[in-house]
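Worksheet: one structure, shown below.
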Amino acid sequence: MIFDQLPKPGGNKDQQEKPPKRDKRTHSDVSEESIDNIDIMSIHSDLKDIKKSLQDTVIKSDLESLVKQSDLKELVTSIVSQLLNTLKDSITAEFNSKLREKTGQLQDNVDSLNLENHLLKEKLREKEIKIKELDEKVEDCNLRSVDALKSANYNEQYSRKHNIRIVNYPEKNNEHLHAEFINLVKKDLKINLEPY
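First residue of the sequence shown? That's 372 in this note's numbering, and the numbers climb one at a time after it.
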């Protein structure tokens, strides 16, 4: 195989195997060999680059010595704790935000109801004052009606002060009470009354 003929990386030139000597070559052989050599050289160069890049690569044994299981457990616990704390803080902040919002809305409603209550109390006071005034007017009207009734009764009594009441006097159709009364008084009581 071609790779067997390549020098081993990191080895001395003396330790590397030399290719066996060959007979003289023809131009076509040289040309083919130079193409093969170019391919081999480029592969050799690529392998050196890969080897260099792999030298800085971490392998499993390096990782095992770097990270112990207890350290990994602590690291995971720490990360989870931080995530939980962050989540808790986020939830708490959002809850407080929503709580403040709802509290603000409730406070606005309470303020609105207090204002409405105050306005209703003012209207109630106005109505109570009006009712009191009306009660006073009703009381005054009652007193006046009693006074008016007394005055009417007195006036009726006073207007009849010159009237005479006759009980059991027979009533007749088309009678002239005034003239008949004067005749009755003249005849039965023998008092001379003149009509006025």
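The beta carbon of each residue, even a glycine, is placed where N, CA and C say it ideally should be.
Residue i versus residue j: straight-line alpha-carbon distance, rounded
| i | j | result |
| --- | --- | --- |
| residue 462 | residue 454 | 12 Å |
| residue 558 | residue 519 | 43 Å |
| residue 414 | residue 460 | 58 Å |
| residue 540 | residue 528 | 22 Å |
| residue 486 | residue 526 | 59 Å |
| residue 474 | residue 466 | 12 Å |
| residue 552 | residue 545 | 14 Å |
| residue 423 | residue 446 | 32 Å |
| residue 537 | residue 562 | 16 Å |
| residue 340 | residue 513 | Residue numbering for the chain in the displayed model covers 372 to 567; residue 340 lies beyond these limits and cannot be assessed. |
| residue 476 | residue 502 | 38 Å |
| residue 516 | residue 507 | 14 Å |
| residue 496 | residue 471 | 37 Å |
| residue 448 | residue 468 | 30 Å |
| residue 443 | residue 479 | 53 Å |
Cβ distance (whole Å) where residue i is taken to contact residue j below 8 Å
| i | j | result |
| --- | --- | --- |
| residue 548 | residue 556 | With a Cβ gap of about 12 Å, residue 548 and residue 556 do not count as contacting. |
Residues of its chain near residue i, where Cβ-Cβ distance is below 7 Å and the 5 sequence neighbours each way are ignored
| i | result |
| --- | --- |
| residue 498 | none |
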